[in-house]
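The structure appears right after this line, and notes come after that.
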Amino acid sequence: QDAKPKPKLIVGTQDAGFPHIADASGAYKDAPYEVEWAVLPGPAAQFPALYSKSVDIGWLGDTSLILEQAKSTTPWTPDTAPLRIVAGWRNFDPQFRQLVTVVRNSADVKSLADLRGKKWAFNYGGINHLQYVLSLVKAGLQESDIEPVQLGDGFQAAAAFNAGRTEVYSGDFVRVKELVDKGEARILLNGDDLGIPGLTVYATRQDVLQDPERKKQLADFLERGRKLWAWYDANLPAVAKIYVDKVKYTPEKAEAQAGRNKSQFVPIDAKLLKEEQNIADVLFERGFIKNKVDVNAGFSGDYNVFTIGGAAAQ
Amino acid sequence: MSSASPALHPLDPQPAGAPTDMAVHLRDVRRVFSGREVLGGIDLSIPPGEFVALLGHSGTGKTTILRILSGLDRADAGTVQVPTARSVVFQEPRLVPAKRVWQNVVIGHDQNRPARETAIAALREVGLGQHVDAWPKTLSGGEAQRVALARALAVEPDLLLLDEPFASLDALTRMRMHDLVAQLWERHHPAVVLVTHDVDEAIVLADRIIVLNAGRITLDVRVNLSKPRLRTDARFGTLRQRLLDELGVISQPARHD
Amino acid sequence: MSSASPALHPLDPQPAGAPTDMAVHLRDVRRVFSGREVLGGIDLSIPPGEFVALLGHSGTGKTTILRILSGLDRADAGTVQVPTARSVVFQEPRLVPAKRVWQNVVIGHDQNRPARETAIAALREVGLGQHVDAWPKTLSGGEAQRVALARALAVEPDLLLLDEPFASLDALTRMRMHDLVAQLWERHHPAVVLVTHDVDEAIVLADRIIVLNAGRITLDVRVNLSKPRLRTDARFGTLRQRLLDELGVISQPARHD
Amino acid sequence: MTDALATLAEGASVARSRAPAGGRISRSPQLQDLSPGEARSTRWRQASPWQRRATRLLVPVLILAAWQFVSEAGLVSTYVLPPPTAILAAFHELIVTGELQSAIVTSSARALSGLVIGGSLGLALGLFAGLWKLGDDVFDGPMQMLRMVPSIALIPLFIVWFGINETAKIALIITATAFPIYLNTYAGVRGIDNKLIEAGIIFGLDHKKLARRIILPTALPSILVGLRYSAGSSLLALVAAEQINARSGIGYILTIANQNQRVDIIIAGIIVYALLGLALAAFMTFVERLFLPWRTDIVLG
Amino acid sequence: MTDALATLAEGASVARSRAPAGGRISRSPQLQDLSPGEARSTRWRQASPWQRRATRLLVPVLILAAWQFVSEAGLVSTYVLPPPTAILAAFHELIVTGELQSAIVTSSARALSGLVIGGSLGLALGLFAGLWKLGDDVFDGPMQMLRMVPSIALIPLFIVWFGINETAKIALIITATAFPIYLNTYAGVRGIDNKLIEAGIIFGLDHKKLARRIILPTALPSILVGLRYSAGSSLLALVAAEQINARSGIGYILTIANQNQRVDIIIAGIIVYALLGLALAAFMTFVERLFLPWRTDIVLG
Ligand SMILES: Nc1ncnc2c1ncn2[C@@H]1O[C@H](COP(=O)(O)OP(=O)(O)OP(=O)(O)O)[C@@H](O)[C@H]1O
Ligand SMILES: Nc1ncnc2c1ncn2[C@@H]1O[C@H](COP(=O)(O)OP(=O)(O)OP(=O)(O)O)[C@@H](O)[C@H]1O
Ligand SMILES: [Mg+2]
Ligand SMILES: [Mg+2]
């Protein structure tokens with residue numbers, strides 16, 4: 414009886430395990446449209462896929478869109494922004510720190526001021542970089558006060574720190590966890606200390622937001638997303654198993670990964686926008702972006718009702 | 062010669078004043094290599110079907126003339142008119158090392174079964190029936206030269222250019238090759254230009270002998286001896302002597318029979 | 062010959078039974094190419110300083126013998142003993158296209174100023190003083206052959222191997238080259254093996270003439286004529302005839318003076 | 104011929120001792136025995152096939168040993184370089200789940216399609232630019248420019264042009280493979296001896312036949328070097344190509360492992376690449392033997 | 104020679120019409136005028152240098168025009184492919200800040216040091232493996248494996264081994280450049296005509312002199328193709344190398360732009376690479392003219 418094929422909603426992700434988790438949760442099983450996942454690591458692939466309509470919903474870090482917005486010569490407004498964030502999520506469990514600034518004990522850093530002159534590994538762009546920049550701000554230092562060691566990705570930065578080539582590291586915690594556990598290094602600052610929202614977000618194009626049919630699908634997709642996170646929370650071992658089976662994590666790391674990725678949607682509200690605006694301003698002041706950004710244009714709170722539910726919607 | 066006046070080539074209108082009854086027509090042809098004039102004004106007309114031998118010291122420009130006649134080189138000045146259908150035996154064998162001997166012989170033909178038969182026949186004629194499927198690199202010097210000869214004779218040119226084709230052949234094989242060239246010439250009378258260093262060979266084969274010296278023609282004689290030409294013939298000896306003198310060879314007693 | 066019994070080579074102990082007074086010693090040498098026996102048991106001893114000419118049809122194995130003597134090819138069976146110091150004129154010029162003519166001549170020397178002088182002197186001797194700095198590709202066939210000759214004569218070998226070194230030279234240049242080789246031989250008496258297709262050339266130059274036929278030596282004669290050898294000499298004619306008969310060439314009247 | 108040249112080594116080493124000195128009138132020649140079957144100095148070329156095979160394995164085995172030593176001595180953190188045993192375990196994991204097998208199949212298919220298209224393109228353009236000035240003028244510039252574009256930088260553009268499916272991946276591989284064959288074809292064609300071309304023209308070959316009968320066969324050794332290179336590039340390009348919405352493949356495994364910090368899998372992946380490289384080399388040697396039967400090798404020892 | 108061959112085209116196109124048919128006794132030959140200076144069919148080879156230069160520019164200009172059109176017509180979002188004017192602005196930005204100039208200097212220095220070391224290595228190993236079986240056995244395997252290692256995957260390892268300074272960057276470039284020269288040297292050496300080597304040995308050249316006087320000069324065309332490739336690779340390897348603690352360089356600019364999604368700068372960077380590729384090609388052509396004066400080109404038209 415189902416002669417007409419279901420419409421397709423193509424959703425980008427940067428987590429190769431996520432499509433499997435989504436399947437396992439059954440959250441999208443009986444949706445009136447078909448959800449197709451596209452694994453595209455990094456914003457450099459997500460953006461063109463969005464723009465070229467290869468995907469309808471992209472998967473980004475929250476600062477990625479700020480950077481994208483800053484590039485535009487014509488300022489974005491809520492109506493002209495080509496892309497808008499419609500939902501964001503993060504983990505609130507303090508046990509699963511994501512972003513950290515870590516120092517080697519041998520470096521003899523007692524206070525933030527002692528960071529002066531140290532070799533500091535980080536990777537450019539994205540959230541790890543934000544951790545580095547805001548750590549500097551918090552310590553009251555300029556880049557010229559330290560010896561920055563900039564690397565291509567977080568893994569390289571961690572390798573440099575783990576190999577003893579630098580004394581300080583900013584970035585993802587798990588990559589240096591072993592050193593911290595062994596007592597050779599300690600956490601100096603974490604993301605929350607620095608007011609980094611650290612959201613992963615869904616962003617979509619204006620044309621999706623303006624098409625009534627697509628809008629309905631988007632709303633439904635986000636509402637089912639909430640179910641997915643609920644299932645995830647209740648099935649951590651199953652998720653860990655997916656990470657082991659499908660994307661080759663070691664069991665220990667899979668467990669950590671499953672725990673760390675356990676998330677809930679965050680309302681796109683004034684509080685969040687304030688934090689985001691702060692980040693945009695710091696990036697501008699420090700010269701990392703060329704234009705001032707009004708984050709209201711890139712964030713849409715219209716779908717809070719679906720991600721958070723009626724209670725949080727006002 | 063039995064040839065009629067040749068048809069004009071449709072693509073190349075005859076330059077005014079060029080004789081139309083000649084197979085080869087060179088007028089005041091010059092060639093300069095890096096400032097040195099190698100050919101200094103060559104005038105030469107060869108009627109269709111004439112067999113011309115070209116003598117001259119090493120480095121006087123014989124190969125250069127042949128290259129211009131073949132179209133492989135372009136004169137710097139002068140008029141050059143040659144038949145469209147030309148065939149060449151180069152001074153080196155020039156076999157494609159990546160092709161077997163028989164494929165080299167019929168390199169210009171459609172390479173099918175009949176072509177292979179043609180090649181085998183041609184190779185048998187030059188005494189290489191055993192080397193049909195060999196690679197060129199495994200041939201002896203004389204064998205390679207004969208393959209090149211077979212290749213040149215497997216087509217039917219109006220102008221056949223032979224650059225020392227028998228240089229590395231022994232006396233017996235050389236005589237067989239003379240016969241072969243004579244046969245081919247009998248069959249359809251191409252104009253032939255044969256470069257050789259062997260004065261006797263020139264007299265035996267050619268209608269006309271030209272001596273080149275320092276890039277100019279210094280002698281142009283007709284060989285008015287009936288065939289087969291015997292070295293015992295007094296006129297043979299006289300002609301040989303004249304050519305050797307022209308070439309500056311001090312007479313060897315043995316050459317005066 | 063003026064040579065004493067040669068010293069033993071320190072690295073290669075003399076095989077038992079091999080004569081020590083010979084420059085070249087081949088015993089029952091065989092060579093097979095892809096199943097075909099090209100050399101079928103060659104026995105040949107050449108004392109130091111002897112000038113040997115090697116005659117034979119195209120493809121009988123002359124070059125193969127020279128390659129074995131030069132050390133470039135290894136016999137399949139038999140004994141081979143040759144002097145350490147050898148020099149070769151190959152059947153093709155084999156010049157390095159990336160090196161100028163003079164560098165090719167002294168390819169084995171330290172390439173400094175004196176080497177260039179040596180090269181220029183050698184090139185003058187072969188009549189190529191003008192082509193010292195030319196690239197090999199710009200040479201005519203005979204010029205390239207003469208460069209190869211100059212290269213071979215610029216060293217002082219105990220065994221000189223010449224594979225048709227005069228094939229593409231005109232009569233005059235050829236005679237000059239004969240003189241050059243004779244001079245070199247006078248100077249320090251190397252053993253020489255000269256492959257040629259010119260019977261007269263063999264008689265004029267060699268002490269001893271060997272005819273090869275289908276991979277075997279079928280004639281080995283000494284040339285007992287005093288030098289300079291005149292073609293008018295009756296014994297010259299007799300020897301020539303004997304060689305031509307051995308090579309299977311039907312007597313040409315002109316050859317019977 | 105190989106043997107012929109091998110024998111030369113001796114002749115040469117002795118001939119060298121000849122002094123090109125003054126004008127002695129007579130001399131007693133130093134003799135040399137070149138008889139077959141003589142006991143000669145043992146040289147590598149006389150090593151048995153087994154000896155040679157052993158040597159081929161020597162370097163890899165040495166590397167492995169050094170690696171295990173470095174790991175066990177704790178000279179390098181296992182984060183960065185896990186011990187060989189850990190890599191073995193990673194291989195086990197990849198093979199048991201069937202991932203490696205399916206990756207090789209998927210990736211090979213991608214690499215091969217890209218290689219076939221890119222290679223043909225490179226060959227055609229290389230012939231064209233090598234033989235005709237017009238081709239040279241029109242295509243050489245763009246090719247020289249194209250080859251300098253880092254394929255990573257092309258990903259966003261290719262996503263836009265070709266989408267996120269197979270087309271984009273194969274397009275990336277094509278750009279990586281076309282150039283080496285182009286360059287080597289071009290050079291191979293330019294390196295052909297004029298004399299052969301001249302002979303071909305005299306014997307009535309038109310351009311097409313000239314290309315097929317003389318130029319292609321004669322330039323083939325060079326073209327095959329290009330193919331060797333392209334085949335390698337096609338596999339390497341998978342690392343970039345399989346970042347675009349891939350669910351399997353060797354490049355995918357590497358990318359994911361990189362994101363997971365599974366150094367053991369990264370190294371296993373590198374080893375798979377290395378082995379593919381060896382297999383490729385062996386295959387190309389076979390292809391060369393097959394297509395270049397007329398070539399004789401020179402080997403000095 | 105070039106001219107000589109160019110003239111052939113005509114001869115050939117006519118000669119082709121000759122029928123290899125039966126045994127006519129007499130025939131009137133079709134004649135052809137080969138006089139110099141005759142008006143001949145206009146062919147590309149007779150184009151003036153200006154015409155040829157214009158053609159060389161044609162394709163790039165066409166691409167530029169198509170690009171501007173596509174951008175203006177709105178066929179591709181400017182986010183993905185900004186119009187040429189935007190790229191110009193990006194260039195302006197890079198030049199005004201002095202970034203581009205310093206990047207070219209820094210990167211060239213890095214690329215050159217890597218190229219010199221890697222190239223020498225590849226050349227030495229290529230000669231060794233090409234000429235000696237022992238070298239072939241010991242080095243060919245590892246080289247064939249090494250070339251398949253994706254350089255991105257080597258970065259963490261190199262950080263540990265070589266640190267975070269220039270050494271690690273240059274080491275990465277070395278791995279990228281050694282292989283192409285190795286492969287082409289190896290092939291070039293294997294392709295040398297036996298006959299020349301034989302002559303060299305007969306005239307008393309030991310292995311070293313043989314390599315210097317005959318093998319190297321004769322294999323040089325092939326080695327220069329390898330150099331062409333390696334020079335390109337050295338620049339491309341910067342994209343990976345300059346991820347390691349770099350603050351300037353072309354690769355750095357590209358990486359940063361990629362992470363910032365500054366498509367305009369990425370494209371500007373690609374253009375810089377393309378121009379470097381052209382400059383490299385021109386330079387290599389110059390080098391080839393300089394080092395291969397004995398070579399004659401064949402060009403069919
Ligand atoms: N491409 C070239 N560049 C420079 N010089 C050349 C070139 N081709 C030929 N020559 C020179 O022109 C002269 C004539 O050469 P050509 O080959 O015509 O001589 P040849 O009469 O055939 O001599 P041989 O009998 O030795 O073959 C020679 O001195 C040669 O060096
Ligand atoms: N490498 C090889 N492989 C196969 N056959 C070969 C090889 N080298 C030579 N031959 C064959 O051995 C035979 C003898 O060759 P060789 O070169 O010794 O003859 P030649 O007497 O020098 O003849 P020419 O006077 O023509 O130079 C020839 O038939 C040749 O085809
Ligand atoms: Mg000539
Ligand atoms: Mg021979």
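Heads up: the protein sequence lines correspond to chains A, B, C, D and E, in order.
Read in order, the letters of the first sequence are residues 414 to 727 in my numbering.
Read in order, the letters of the second sequence are residues 62 to 318 in my numbering.
Read in order, the letters of the third sequence are residues 62 to 318 in my numbering.
Read in order, the letters of the fourth sequence are residues 104 to 404 in my numbering.
Read in order, the letters of the fifth sequence are residues 104 to 404 in my numbering.
Cβ atoms here follow ideal geometry from the backbone N, Cα and C, with glycine treated the same way.
For a Cβ distance threshold of 7 Å, residue set Gln364 of chain E lies close to Glu481 of chain A, ordered along the chain. At a beta-carbon threshold of 9 Å, none of the residues of chain E lie near Gly611 of chain A; the nearest stands roughly 18 Å away. Within 6 Å of the C-beta of Lys198 of chain B there is not a single heavy atom belonging to ligand 4. Among the CB atoms of chain D, one or more fall inside 7 Å of the CB of Lys661 of chain A. Counting along the chain, the unbroken beta strand (DSSP E) around Pro561 of chain A starts and ends at 560-564. Taking CB atoms only, Gly565 of chain A has a neighbour in chain E less than 7 Å away.
Using a CB distance below 7 Å, the part of the segment 298-315 of chain E facing chain C consists of Lys298, Leu299, Glu301, Ala302, Gly303, Ile305, Phe306, Gly307, Leu308, ordered along the chain. Within chain C, no residue has its CB atom less than 9 Å from the CB of Ala209 of chain B, the nearest being about 13 Å off. Judged by DSSP secondary structure, Ala211 of chain C falls within the alpha helix (DSSP H) whose first and last residues are 202-214.
DSSP places Asp136 of chain D within a strand segment (E or B) once states are collapsed to three. Contact between the segment 111-122 of chain B and the segment 152-160 of chain B is not established, with fewer than three Cβ pairs separated by less than 8 Å.
Trp163 of chain B and Arg177 of chain B do touch by the CB rule: their CB atoms are close to 6 Å apart, below 8 Å. Take Ile347 of chain E, set aside five residues on each side of it, and the residues of its chain with a beta-carbon closer than 8 Å to its own are Ile258, Phe261, Ile262, Ile267, Ala271, Lys272, Leu275, in chain order. The beta strand (DSSP E) runs of length 3 or more contained entirely in the segment 95-135 of chain B are, from start to end of the chain, 97-107, 112-117. Not a single CB atom of chain E sits nearer than 7 Å to the CB of Tyr285 of chain D. Distance from the CA of Leu280 of chain C to the CA of Glu111 of chain B, rounded to the nearest whole angstrom, comes to 42 Å. Residue environment: Glu247 of chain C is assigned as exposed (fewer than 16 neighbouring CB atoms within 10 Å of its CB, all protein chains considered). For Gly266 of chain D, the nearest beta carbon of chain A is closer than 7 Å to its own beta carbon. Taking 9 Å as the upper bound on Cβ-Cβ separation, chain E lies near residues Arg128, Ser131, Gly132, Leu133 of the segment 112-144 of chain C. Distance from the CA of Pro324 of chain D to the CA of Arg293 of chain E, rounded to the nearest whole angstrom, comes to 10 Å. For Val187 of chain B, the CB stays at least 6 Å from every heavy atom of ligand 2.
Interface annotation for the segment 229-240 of chain B against chain C: Ser229, Leu230, Asp231, Ala232, Leu233, Thr234, Arg235, Met236, criterion Cβ-Cβ distance under 9 Å. Think of a sphere of 7 Å around the beta carbon of Ser201 of chain C: no beta carbon from chain E falls inside it, the nearest being about 15 Å out. Burial state of Ala180 of chain C is buried, judged by a 10 Å Cβ sphere holding 16 or more other Cβ atoms. Sixteen is the threshold: since fewer than 16 other Cβ atoms of the shown chains lie within 10 Å of the Cβ of Thr486 of chain A, the residue is exposed. Chain E places no beta carbon closer than 7 Å to that of Arg497 of chain A, leaving this residue out of the contacts. One residue list follows from the rule of a beta carbon closer than 7 Å to any heavy atom of ligand 3, given in chain order as B:Lys123, B:Thr124, B:Gln152, B:Asp224, B:Glu225, B:Val256, C:Ser201, C:Gly202, C:Gly203. Ranking A:Lys703, A:Gly672, A:Ile681, A:Val614 by CA distance to the CA of Asn717 of chain A puts A:Ile681 first. Asp506 of chain A counts as exposed, since fewer than 16 other beta carbons sit within 10 angstroms of its beta carbon. The nearest non-hydrogen atom of ligand 1 is less than 6 Å from the C-beta of Thr121 of chain B.
Interface residue (Cβ-Cβ distance to chain D less than 7 Å): Ala271 of chain E is not classified as such.
If you look at Ile270 of chain C, you'll find it in the beta strand (DSSP E) that goes 269-274. In this chain, Arg301 of chain B is not harboured by any beta strand (DSSP E); it is covered by the alpha helix (DSSP H) spanning 295-308.
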